[in-house]
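Novice: Quick one: the structure is below, questions incoming.
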Amino acid sequence: MARDKEKRSCGQVVAEWRAFLWDPRTRQFLGRTGSSWGLILLFYLVFYGFLAGLFALTMWVMLQSVDPHVPKYQDRLLTPGLMIRPCAEGLDVTFNVTQSHTWEQHVRALHQFLEPYNDSVQAARNAACPAGRYNEQPDDAVPNYPKRACRFERSRLGPCAGLGPHGDYGYGSGRPCVLVKVNRVINFFPGKNKSINIVCAAKHEEDAALLGPLNLFPPNGTIDLMYFPYYGKRVHVNYTQPVVAVQFSNATANVDHHVECRLNAAGLRTDDERDKFAGRVAFRLRINRE
Amino acid sequence: VKELEIKYGTSATKGLSEAEAAARLQRDGPNALRPPRGTPGLVRFGRQLAGGLQCLMWVAAAICLIAYGVQRGQGDRGSSDNLYLAVALIAVVVVTGCFGYYQEFKSTNIIASFRNLVPQQATVVRAGQTLQVNAAELVLGDLVEIKGGDRVPADIRVLAAQGCKVDNSSLTGESEPQTRSPECTHESHLETRNIAFFSTMCLEGTATGLVIGTGERTVIGRIASLASGVGNEKTPIAVEIEHFVDIIAGLAVFFGATFFLVAMLIGYPLLRAAVFFMAIVVAYVPEGLLATVTVCLSLTAKRLARRNCVVKNLEAVETLGSTSVICSDKTGTLTQNRMAVAHLWLDGQVLAADTTEDQSGEAFEQRSASWPLLSQVITLCNRAQFQPGQEGVPVAQRDVIGDASESALLKFAEVTSGPVAAARGRFPKVAELPFNSSNKFQVSVHEAGPQQLLVLKGAPERVLERCRGYLREGEEHPLDPEWRRSLEGACLELGGRGERVLGFCARWLPPGSVAAGTPPEALAEVATGLCFAGLVSLIDPPRATVPQAVRKCRTAGIRVIMVTGDHPVTAKAIAAAVGIISEGSETPEDVATRLHLPLEQVDPRQARARVVTGSELAALAPGALEELLRTHPEMVFARTSPQQKLLIVESCQRLGAIVAVTGDGVNDSPALKKADIGVAMGIAGSDAAKQAADMILLDDNFASIVTGVEQGRLIFDNLKKSIAYTLTKNIPELAPYLVYITASVPLPLGCITILFIELCTDIFPSVSLAYERAESDIMHLRPRDPRRDRLVNEPLAAYSYFQIGVIQSLAGFTDYFVAMAQEGWWPLLVLGLRPRWEDAHEQELQDSYGQQWTFAQRRYQQYTCYTVFFISIEVCQIADVLIRKTRRLSLLQQGLFRYTWVCIGCFLCYCPGMPNVFNFMFQWWLVPMPFGLLILVYDEIRKLGVRRHPGKTHLGTPWIPGTHLGTPGPHLGTPGGTWNSPGTHLGTPGPHLGTPGTHLGTPGPLPPPLDSIPSPHPPQIKAQVTRPGVCRCLLLVERPKNPKRSPRNHQKVTKKRKTLNT
């Protein structure tokens, strides 16, 4: 109310504030005495201490319900994501055939990625599994018994294995390889016991001719069921993710190609509008030639 | 007359010529009051959109839009969140704006509906011809004719009149009709008889007069313009809400800026930092508050409307609750605005008549043998008659043709002695002499079987002149000095009560003494040697409900002051009758009479009551009025002018009071406007009064004001609860951002979700708090002190923010971490995860189990977290709304609650359209439960402490002498303390739970005898002591400020001590 606000001079205001900050008469700091502040502090200390305890207790109790090996819920991961290698910025694989520095990084990335897939490594660590069926390893009596992983030899990727002296995954010759991999999801059984594979194509059908034929390795882009299920990083230590290599053997140069790869498995939806990477991956390929 | 003709250039017989009239109309404008200029609708709507909080939200929306634009510019098409948010924010502002505008618009409509839309006609003589014209076309110098039943069309100098009487009550407050005649009787134009005023009613007779003022230049017009010149004060609730908005806006900007800076320092891009700022603002601004307040107010307004109070200005409802002084007009507000027989005097005894509106009171004893004659005189010597066709209507409500006194007598006769019409038929009238001001009596002669009966009534002294004897026990006795003395005594006594006394007498005449058609003047000769039958006194009686209401006001700490234009004697009598001057209080005049001292020797301060007239008021030095108001708790102002009423209101306001003014007349309108809340009477009220008022009592019942006060106080309490509730969730809304920035976790709560909480789920409970019943008897508390009892004070904020809010945040985070862990993201991984989590190019982020997540999957999970956090807040808010229902009583004591909004919340969670944001799992509701229970238990303990140690609240309440009108002495806080001054409640119980000996909170020492409390004005304290709780407060003043405390460090019982410094 206007009538309550009598005009005060600036000095008075400052003096009032100073008195509020520290009033020597009543020995009050910010309107309270030291003991008052002390009590408040003590109260909050105790109060917050108690709350922290309760928080910790509740968290502890709730985390007891979390299994360290298998997540309680997986409803966000119904369709695993797909990803490509080389994983260039913005999924844009662009390079110039004649200028090696434009694709060397891709080659390096692929080399690095495929390191664990070396046949020797696979032979040493992993088991040869029977193809065509899930590699289920139920816990018999011993819970969370370490699981064995199935071999995925690099050599199965054919020209895209990057082996040999000219292991440039075709980048030097304008026939580049792109690896497609499926995200790991625990206890994921794709395809309902039928074989699954990766399918790649130009995003727009009319561009298919420009893109030219695609070679898939392993043949047909098949992903063997033996690589499923995944049992989690604790028990499934050497798990090797299956990959599919796509070689663009005769793609028109100097043109943007929009390629889309899908995981073709029975009962798997790959047309989620919200998630562009659920069961599919789209990337741009451009091969420049002088 | 000649002078007038010259002055106004007109003719007293022919009037103006048409051409001249038209020219003058052109010059002076129409004869109508200009309605106060309204603000154009668009501006008002704009104002709704540009409040403090709204501006903040505009800024937030702008930031969102900019952020969205920049994102679009950068080609990021993934997230339209910012766009949605901006749209939502703008929608919120606009919707609340529309809401407010609609409310305002509605109340404007109410005002408009009260306006009289029918154009008034006036009979005017122009160029010698009598015509009917629209009253608005009258000009200066017009010759107009008025007759009984007309509204006077302009200020008129009466040139000729036949028994013309006007009702000036709306102008001066006098309820008696005033005669109008050509003679000038007084210098003041307000008092003189030869001027009739614009908009007053002509009751009877006819008059011809010259228009001497039109439109704004009439007396009424001047008062109306005085009223429109008075600025509107801000309502206390508006002040409170402004205060609250200031705090909130300050906090929002402060935290927003801090986060902004911190974010910038950590290395966020400017845009993201701005979005943080915006999020903080959104989290802090209680978007739903304005809606809640409006709903609270309009709910109460509706509740009041059911009790016949129409609230024009919504905020006025609460103002009534903080009212500490009511300045009430007398006529029509405290009284019935009709004359009624109050007392009779016969056989030397004064008998009280029934003056209640519905004749429900006790009838007086009619056994006296003198009564039949008196009643016969009353019945016969009366020219008034009921309008035909009202047989079914109760007598008191029937319409009567005739003046106020005569109708009062007529109704009295009808009620006490049966049908008047029949009696008159039995005694046909032979001749009569109507009342006139020179005779001051009225005579009529009636055939009564073989004889004739002459009956006479008039002013007692005139009647007595014509009497030879008097009636006692039905026998006629000759006059004797003793009887004369007793008559004079009765006249004085009744006159002293402000009543108008009439004497009645009669005489039996031989048949044929008066022939039919005898000229009236001759009757005066015949009417001598009469027998005095008795006295009847008339008064405008107080309404039956008023004394009770005044008493209630007093218990509620509200002072009632009478301000009237009527005579001091009448005013004092009515004031005493309704309790404004309480029994046993004396005015200085009374003291003088009692002590047999001359008035000058009496110290006015000895007197509790005081009657001040307008002329005394005019002679007062500036500041003396405040002094008077401070010294005398019971004040009556009589014979006051509109300006003086205004002055009185201003003086009260200067003393720090929140003033309510009630009134009905035009003369009240400036004061109504100036008051913090003006209350006009709906039936008796003039348009000007209704225009100026904030509230209109449709049934003219003063008692409705008390209801209003109660509702207003309840509103304040409930708003306080509602705001405490609303504030609490700011912390759990803010904390996610705090942790998001500092601990780099994925965002636990999104802006849209915050808006959803603010605008959807939380609206219902906070509005439901508006339905809460009063916890304690709020009408036994003092009005709140607007300077001390704020809507939002430090303890309330501290309790909401630092205690309940923190518990809620912890609940949210527990639920959040658990939900994340169950999906595969363990707490330790979550900390610091944010940069990778929010990287839109990262499609294979590993969780704690080695699974890989795409960005959209993570986003989905993040939305789940929003939901989880949202649910936690909801669960805690359920507990919160339960604890806010009461401030002192345990929930178990208070009872049931409403679930509706919980259902709505659940429905929204299940609603199929929003699977992303509101997806649901039972367990998420389960995790925050312990925290919700903790809130309940914690608050129950607090309430227990408050109940056990109620007085603590007032420890800090300072004693400010003299700041309170009329009740100097300790400022009594709200006993039993509630949130009004919860200061201490908040935290207090703990420290006081020490050993019984050391603290003073428990019943402890008995209050000292009240008389022994030192006070500069003991008698005034006395008036308050009847109320429970006050003793406690008085006691508190005596208490040392810092009693020793022995805090026990028991976990939940120890609470912080808070002295009241808000």
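As given, the protein sequences belong to chains A and B, one line each in that order. Here the UniProt record's numbering is used: position 205 in the first sequence is 205, and no number is missing along the way. Here the UniProt record's numbering is used: position 110 in the second sequence is 110, and no number is missing along the way. All C-beta atoms, glycine included, are put in the ideal place defined by N, C-alpha and C.
1) Could one say the Cβ of B/T1002 lies closer than 8 angstroms to chain A's Cβ atoms, at least one of them?
2) With A/V61 and A/V178 assumed to form a contact (beta carbons below 8 angstroms), what rounded beta-carbon distance in angstroms separates them?
3) What residues of chain B sit near A/G90, judged by a beta carbon separation below 8 angstroms?
4) Sort out for me which residues DSSP pairs B/S537 with in a bridge.
5) Name, in chain order, the residues that DSSP records as bridge partners for B/W508.
6) Using the beta-carbon count (16 or more within 10 Å), is B/R594 buried or exposed?
7) First and last residue of the beta strand (DSSP E) that includes B/S444?
8) With distances taken between CB atoms, is the gap from B/G534 to B/W345 smaller than 8 angstroms?
9) Quickly, what does DSSP pair A/H257 with across the bridge? List them, please.
10) Is B/P746 close to chain A, meaning its C-beta is less than 8 angstroms from at least one C-beta of that chain?
11) With DSSP as the reference, identify every bridge partner of residue 1065 of chain B, one or two as the case may be.
12) What number of angstroms, rounded off, separates the C-alpha of A/L51 from the C-alpha of B/C865?
13) The alpha helix (DSSP H) that contains B/K674, what's its start and end?
14) Over what stretch of residues does the alpha helix (DSSP H) that includes B/V393 continue unbroken?
15) By Cβ distance, which residues of its chain are closer than 6 angstroms to A/V199, with the 5 residues on each side in sequence left out?
16) DSSP state of B/L620, grouped into three classes?
17) Out of B/K312, B/A573, B/K729, which one is the CA nearest neighbour of B/I871?
18) Determine the direct distance from the alpha carbon of B/L829 to that of B/V739, and round the result to whole angstroms.
19) Just tell me which of B/L655, B/V281, B/Q644, B/M695 has its CA closest to the CA of B/T662.
20) Please go through the stretch 51 to 96 of chain A and give each complete beta strand (DSSP E) segment of 3 or more residues, from N-terminal end onward.
21) For the ligand GTP, is there a heavy atom less than 7 angstroms away from the beta-carbon of B/E204?
22) Would you report the Cα separation of B/L796 and B/E838, rounded to the nearest angstrom?
23) Is it a yes or a no for the stretch 508 to 526 of chain B touching the stretch 369 to 387 of chain B, going by three-plus beta-carbon pairs under 8 angstroms?
24) Can you tell me which of the three DSSP states B/F897 falls into?
25) Where B/L83 and B/G805 are concerned, what is the direct C-alpha to C-alpha distance, given to the nearest angstrom?
26) Does B/N337 pass the burial test, meaning 16 or more other C-beta atoms within 10 Å, or should it be called exposed?
27) Which residues of the stretch 208 to 235 of chain A have a Cβ closer than 7 angstroms to any Cβ of chain B? Give them in chain order.
28) Take A/N238 and list the residues in its own chain whose beta-carbon comes closer than 7 angstroms to its own, dropping the five residues that flank it on each side.
29) Any beta-carbon of chain C closer than 8 angstroms to the one on A/R27?
30) Against chain A, does B/A856 count as a neighbour if the rule is that its beta carbon must be under 8 angstroms from one of theirs?
31) Report the partner residues of B/E475 according to the DSSP bridge assignment.
32) Tell me the rounded alpha-carbon separation between B/T1026 and B/H949.
33) Write down every uninterrupted run of the beta strand (DSSP E) in the stretch 694 to 724 of chain B whose length is 3 residues or greater and which is fully enclosed by it, in chain order.
34) Whole angstroms is fine: what's the gap from B/A515's alpha carbon to B/E488's?
35) If you draw a straight line from the alpha carbon of B/W924 to that of B/S848, how long is it in whole angstroms?
36) Of the choices B/R551, B/D676, B/G52, B/A840, whose alpha-carbon is the least far from that of B/F702?
Specialist: Considering the structure as presented:
1) Confidence at B/T1002 is low in this model, with a pLDDT of 32, below 50, so the placement of that residue is unreliable and no value is reported for it.
2) The distance from the Cβ of A/V61 to that of A/V178 is about 48 angstroms, inconsistent with a contact at the 8 angstroms cut-off.
3) Within chain B, the residues near A/G90 are H841.
4) B/H343, B/V501
5) B/L453
6) By the Cβ neighbour-count rule, B/R594 is exposed, with fewer than 16 other Cβ atoms within 10 Å of its own.
7) 441 to 448
8) yes
9) A/L285
10) no
11) Since the first residue shown for chain B is 1 and the last is 1062, residue 1065 of chain B is missing from the structure and cannot be characterised.
12) Going from the Cα of A/L51 to the Cα of B/C865 covers about 22 angstroms.
13) 669 to 674
14) No alpha helix (DSSP H) contains B/V393, which DSSP labels as neither H nor E.
15) R262, N264
16) Of the three classes helix, strand and coil, the one that applies to B/L620 here is coil, per DSSP.
17) B/K729
18) Annotation: B/V739 to B/L829 spans about 15 angstroms, alpha carbon to alpha carbon.
19) B/M695
20) 82 to 85, 92 to 96
21) Within the structure as shown, the ligand GTP is missing, as the structure has no ligands at all.
22) 38 angstroms
23) Three or more beta-carbon pairs separated by less than 8 angstroms are not found between the stretch 508 to 526 of chain B and the stretch 369 to 387 of chain B, which leaves the two stretches without contact.
24) Because the pLDDT of B/F897 is 49, which lies under 50, any placement of that residue in the model is unreliable, and the question is left without a value.
25) Computed Cα separation, rounded: 29 angstroms.
26) Buried, because 16 or more other Cβ atoms sit within 10 Å of the Cβ of B/N337.
27) Listed by position along the chain: G232, K233.
28) Hits under 7 angstroms: R125, N126, A149.
29) Protein chains A and B are contained in the structure displayed, whereas chain C is not.
30) yes
31) B/R472
32) Summary for B/T1026: the model assigns pLDDT 33, below 50, so the residue's position carries little reliability; its value from the coordinates is reported in the next sentence. Straight-line Cα distance between these residues: approximately 22 angstroms.
33) 695 to 697
34) 35 angstroms
35) Rounded to the nearest whole angstrom, the CA to CA distance from B/W924 to B/S848 is 21 angstroms.
36) B/R551
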